[in-house]
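Residues in the sequence shown are numbered consecutively from 0, following numbering that gives the first Met the number 0.
Okay, structure first, notes after.
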Amino acid sequence: MATGIAPARDPNTLSNYTTWICTHTTANFDIIFDQKRLVGSVVHKFRSATDSVSQEIILDCNHVAIGDVKIDGKPSDWELLPPLEPYGTALKIRLEQGVKLNDIVEVEISVQTTEKCTALQWLTPAQTSNMKHPYMFSQCQAIHARSIFPCQDTPDVKCTIDFNITSPLPVIASGLPVRDSLGEPLSHGKTIYRFHQRVPIPSYLFALASGDISEAAIGPRSVVATSPDKLRECQWELEADTEKFIGAIEKIVYPYAWGEYNVLILPPSFPYGGMENPIFTFATPSIISKDRENVDVIAHELAHSWSGNLVTNASWEHFWLNEGWTTYLERRILAAVHGESYRHFSAIIGWKALTDSVNHFGHNHEFTKLITDLKGKDPDDAFSSIPYEKGFNFLFHVETLVGKQKFDSFIPHYFTVFKGKSLDSYEFKATLVEFFRSDTEASKALDTLDWDTWFYAPGLPPKPQFDTSLVDVVYDLSRKWQSLPGSSFKPQPDDIKGLTANQIVVFLEQILLFERPLAPELSKTMGDVYGLAKSENIEVANLYFQVCLKAGDDSIVDSTAELLGRIGRMKFVRPLYRSLQKVNRPVAISTFEKYQDFYHPICRAMVEKDLFGKKAI
Ligand code: BES
Ligand code: ZN
């Protein structure tokens, strides 16, 4: 009798993942820096979820060169299906005969990445900080793993992984090092590095990096890894908070499941603030601001060890389950370590990011919904602060409705029920409602929740009352600037005495909200008096440049272009190009032409779209 196949709930995969389920992957790769490619093989174990219905396995695959395919050791027929953008050319593998329900087949595919691979960036020695060695790293979220090897590239499937990686330089991966065989030397100056990921993970958490990397302790179960010349400053930035953060979230959810929690600080072209690759968070060097003011990125990536990495969104349409929950937990960590007013401070910054994103897309846009329709779309195009901040506000609203103490007891319950699983928003809803069913008061409160509006209405949610104690002082200061020229206000260095870099960030954001931009002389004065242009904190420098660009100050164009050649984090790069082109489009274009090879392929494609309205990859 044929067994019913569950319908696929992820529209962004071409794989038939409900028919075959990958349970284990072994990735054997040689990192060949000269050729900028990975060469090797991948071995997947698939469990049949049906009784002899399907004699084909379809895998996601994009821009990968396939050598041959074997099933249980025997050569097998395969073909690449016609390209279906943005999902790629799926790999169809034929089985000679059907197999029984729950039987396992082992598929070995020999593969090479190509220069069109969107998941890898290859850096020349000149693009690294000590300019001695080449470097490579991966970024697979959301659907780029398929450009490294054929796989079920969906967050709805999780498997354990073995990594056998050969490189002339140290390697980091999203698994625990296999200690007794780590760093076995081979001939030709290469070494084999082995890692094992014992917790099943989705394809987007597959990660590799290799380069001149050294490590230093930042806590009892944590190291930071980076270029040797940057090691000490990275260690200083992270050693005060990392273990505090882990301790705090373990009390909120439950103990950390992955063994070690480490951070890799990448070269500046890393396109995100951070990426929650298991065992090793990958992070931008722009969080190393020498003031420990950007470690909230670490709190965020650490929180993903529960929300996202253990409990995973079933598709990118329910991305808020990853990012909204993570933003919520990140702010609970901040509250535990620095006090409740910090949580609200961070939420106020988040609200500003949310309004910016909603304004950017337009208040009725599909991507401003909590649950988005991504059929036929590229999840990268939907990326914004909305799933983070609308998701946070939704959970904060639920917390307020049922009461904080009761919500606190729901958190470990939710993360236990879905541990090791993927879920969608409807399962979240059912679990929340069920948890409070026997509690009349909480149930009544939840009855008032307008689920459909939260899930499907575009635009901003209702704004909660946040505690403004940490922002009031900078709101006051920004009002003084707004009164210029004309008032008796005389800016002085003391105006910002005692303010943290993040409070200055909020101050600058307020200035950017002025309907009438500052006059260029005033933005110059602000930079001189407060020392903003030279800030080591890139969040501050970036916003100060935005203030000047909005003021139409042509003299900031050169420093902006210089910053755009120094950092490839999209959070800064995309808005800076957008503002720069308004002031001086020829410089924006020539700057992009100059630095496009420095940017990561994803960032390059996004900026190209922003500037020219087309896609580069
Ligand atoms: N998982 C994301 C990064 C990501 C999202 C990469 C979607 C690719 C596709 C990561 O956890 C993240 O949210 N990073 C933020 C940092 C943060 C503190 C909000 C970032 O990169 O800015
Ligand atoms: Zn995140």
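Ideal Cβ positions, reconstructed from N, Cα and C, are used throughout, including at glycine.
No experiment lies behind these values; they were computed from the predicted model shown.
Handout entry: Beta bridge counterpart(s) of Met-274 as assigned by DSSP
Key = Your numbering for residue 274 matches position 275 in the sequence shown. Phe-281, per the DSSP bridge assignment.
Exercise for the section: Under 8 angstroms Cβ to Cβ from Leu-100, same chain only, skipping five residues before and after it: list those, please. Expected result: Sequence index remark: in the sequence shown, residue 100 carries index 101 (1-based). Cβ neighbours of Leu-100 beyond the five flanking positions: Thr-2, Ser-47, Ala-48, Thr-49, Asp-50.
Exercise for the section: Report the rounded CA-to-CA distance for Gly-375 versus Ser-314, giving the unit in angstroms. Expected result: For this step, residue 375 is matched to residue 376 along the sequence shown. For this step, residue 314 is matched to residue 315 along the sequence shown. If you take the alpha carbons of Gly-375 and Ser-314, they lie about 13 angstroms apart.
Handout entry: Limits of the alpha helix (DSSP H) - the one that Asn-536 falls within
Key = Here the question's residue 536 lines up with position 537 in the sequence shown. Segment: none, Asn-536 is in no alpha helix (DSSP H) and carries neither H nor E.
Handout entry: Of the residues Ser-408, Gly-402, Ala-429, Lys-229, the one placed nearest Phe-440, counting alpha carbons only
Key = On the sequence shown, position 441 is the one that residue 440 refers to. Reading off the sequence, residue 440 comes out as Glu, not Phe. When only C-alpha atoms are compared, the closest one is Gly-402.
Handout entry: Stretch pair the segment 54 to 66 + the segment 345 to 358: three plus CB contacts closer than 8 angstroms
Key = no
Exercise for the section: Answer yes or no: the CB of His-317 versus the heavy atoms of the ligand ZN, is any distance below 7 angstroms? Expected result: Taking the first residue of the sequence shown as position 1, residue 317 is located at position 318. Not so, every heavy atom of the ligand ZN lies at least 7 angstroms from the Cβ.
Problem - Glu-365 versus Arg-584 - alpha carbon distance - result: Here residue 365 refers to the residue found at position 366 of the sequence shown. Here residue 584 refers to the residue found at position 585 of the sequence shown. So the alpha carbons of these two residues sit roughly 30 angstroms apart.
Practice task
Let me know the secondary structure DSSP gives Phe-409 once reduced to three states.
Solution key: Translated into positions along the sequence shown, residue 409 becomes position 410. If DSSP states are grouped into helix, strand and coil, Phe-409 belongs with the helices.
Exercise for the section: Answer yes or no: do Leu-512 and Val-546 have a C-beta to C-beta separation smaller than 8 angstroms? Expected result: Position 513 of the sequence shown, counted from the start, is the residue given in the question as residue 512. Position 547 of the sequence shown, counted from the start, is the residue given in the question as residue 546. Not in contact: Leu-512 and Val-546 (Cβ atoms no closer than 8 angstroms).
Handout entry: Length-filtered (3 minimum) beta strand (DSSP E) runs lying within the segment 92 to 160
Key = 103 to 112, 119 to 122, 134 to 137
Practice task
Would you mind sorting Ile-160 into buried or exposed? The rule is 16 or more other CB atoms within 10 Å of its CB.
Solution key: The sequence position of residue 160 within the sequence shown is 161, counting from 1. Flag for Ile-160 reads buried.
Handout entry: Between the CA atoms of Gln-151 and Thr-12 - distance to the nearest angstrom
Key = Taking the first residue of the sequence shown as position 1, residue 12 is located at position 13. Taking the first residue of the sequence shown as position 1, residue 151 is located at position 152. Distance between the alpha carbons of Thr-12 and Gln-151 is about 7 angstroms.
Exercise for the section: Please confirm if the segment 556 to 574 is in contact with the segment 278 to 290, defined as three or more CB-CB distances below 8 angstroms between the two stretches. Expected result: yes
Practice task
Specify the secondary structure class of Val-52 as computed by DSSP and reduced to three states.
Solution key: As a first step, residue 52 must be located in the sequence shown, where it is residue number 53. Coil at Val-52, not helix or strand.
Problem - Neighbourhood of Phe-434 by C-beta distance below 8 angstroms, restricted to the same chain and skipping five residues each side - result: Here residue 434 is taken as the residue at index 435 of the sequence shown, counted from 1. Contacts found: Phe-409, His-412, Tyr-413.
Practice task
May I ask which residues mark the beginning and end of the alpha helix (DSSP H) holding Val-242?
Solution key: Looking up residue 242 in the sequence shown gives position 243. Note that residue 242 is Glu in the sequence shown, not Val. 241 to 251 is the extent of the alpha helix (DSSP H) around Glu-242.
Exercise for the section: Look at the Cβ atom of Glu-259, then the Cβ atom of Leu-175, and state whether they are nearer than 8 angstroms. Expected result: Against the sequence shown, residue 259 aligns to sequence position 260. Against the sequence shown, residue 175 aligns to sequence position 176. Yes, Cβ-Cβ distance for Glu-259 and Leu-175 is below 8 angstroms.
Handout entry: Rounded C-alpha distance that separates Ile-248 from Ser-186
Key = Numbered from 1 along the sequence shown, position 249 holds the residue referred to as residue 248. Numbered from 1 along the sequence shown, position 187 holds the residue referred to as residue 186. When rounded, the distance between both Cα atoms is 45 angstroms.
Exercise for the section: Please confirm whether Met-525 and Pro-490 have their CB atoms less than 8 angstroms apart. Expected result: As a working note, residue 525 is residue 526 in the sequence shown. As a working note, residue 490 is residue 491 in the sequence shown. Yes, the pair counts as a contact, with Cβ atoms nearer than the cut-off.
Exercise for the section: Helix, strand or coil for Leu-168, going by three-state DSSP, please let me know. Expected result: In the sequence shown, residue 168 corresponds to position 169, counting from 1. Coil at Leu-168, not helix or strand.
Handout entry: Below-8 angstroms beta-carbon distance, Lys-581 vs any chain C residue
Key = No chain C is part of this structure, which consists of one protein chain only.
Handout entry: Buried/exposed call for Asn-163, threshold 16 Cβ in 10 Å
Key = Your numbering for residue 163 matches position 164 in the sequence shown. With 16 or more other Cβ atoms within 10 Å, it is buried.
Exercise for the section: Using a threshold of 8 angstroms, state whether the C-beta atoms of Glu-105 and Val-42 are closer than that. Expected result: Within the sequence shown, the letter at position 106 stands for residue 105. Within the sequence shown, the letter at position 43 stands for residue 42. Yes, Cβ-Cβ distance for Glu-105 and Val-42 is below 8 angstroms.
Handout entry: Buried versus exposed, by CB contacts within 10 Å (16 or more), Leu-309
Key = For the purposes of this step, residue 309 is taken as residue 310 along the sequence shown, with counting starting at 1. Its Cβ being crowded by 16 or more others within 10 Å, Leu-309 is buried.
Practice task
Tell me whether the beta-carbon of Thr-225 lies closer than 8 angstroms to the beta-carbon of Ile-264.
Solution key: Counting from 1 along the sequence shown, the entry for residue 225 is found at position 226. Counting from 1 along the sequence shown, the entry for residue 264 is found at position 265. Yes, these two residues count as a Cβ contact at 8 angstroms.
Handout entry: Rounded straight-line distance, which links the Cα of Tyr-255 to that of Glu-242
Key = By 1-based counting over the sequence shown, the position of residue 242 is 243. By 1-based counting over the sequence shown, the position of residue 255 is 256. Roughly 11 angstroms separates the two Cα atoms.
Handout entry: Secondary structure of Ser-288, DSSP reduced to three states
Key = Here residue 288 refers to the residue found at position 289 of the sequence shown. Ser-288: coil per DSSP, three-state reduction.
Practice task
Could you check what DSSP says for His-299 in three-state terms: helix, strand or coil?
Solution key: Looking up residue 299 in the sequence shown gives position 300. In this structure, His-299 counts as helix in the three-state DSSP scheme.
Handout entry: Ala-587, DSSP secondary structure in three states
Key = The count along the sequence shown starts at 1 and reaches residue 587 at position 588. Helix.
Exercise for the section: Please indicate yes or no: does the CB of Val-222 lie closer than 7 angstroms to some heavy atom of the ligand BES? Expected result: What you label residue 222 is simply residue 223 of the sequence shown in a count that begins at 1. Incorrect: Val-222 has no Cβ contact closer than 7 angstroms to the ligand BES.
Handout entry: Buried versus exposed call for Leu-476 [16 or more other C-beta atoms within 10 Å across all chains shown]
Key = Reading the sequence shown from its first residue, position 477 is the one you call residue 476. Counting Cβ neighbours within 10 Å, Leu-476 comes out buried, since at least 16 surround it.
Problem - Supposed close pair Ser-109, Leu-207 - CB separation, criterion 8 angstroms - result: In the sequence shown, counting from the first residue as 1, residue 109 sits at position 110. In the sequence shown, counting from the first residue as 1, residue 207 sits at position 208. Ser-109 to Leu-207, Cβ: 18 angstroms. No contact.
Problem - Status (buried if at least 16 other CB within 10 Å, exposed otherwise) for Asp-594 - result: As a working mapping, residue 594 is identified with position 595 in the sequence shown. Correcting the residue type first, residue 594 is Tyr in the shown sequence and not Asp. Tyr-594 should be labelled buried.
Problem - Glu-107 vs Ser-202 beta-carbon contact at 8 angstroms - result: Against the sequence shown, residue 107 aligns to sequence position 108. Against the sequence shown, residue 202 aligns to sequence position 203. No, they are not a contact pair.
Handout entry: Element boundaries [alpha helix (DSSP H), containing Asn-27]
Key = As a working mapping, residue 27 is identified with position 28 in the sequence shown. Asn-27 -> not in any alpha helix (DSSP H); beta strand (DSSP E) instead, spanning 19 to 31.
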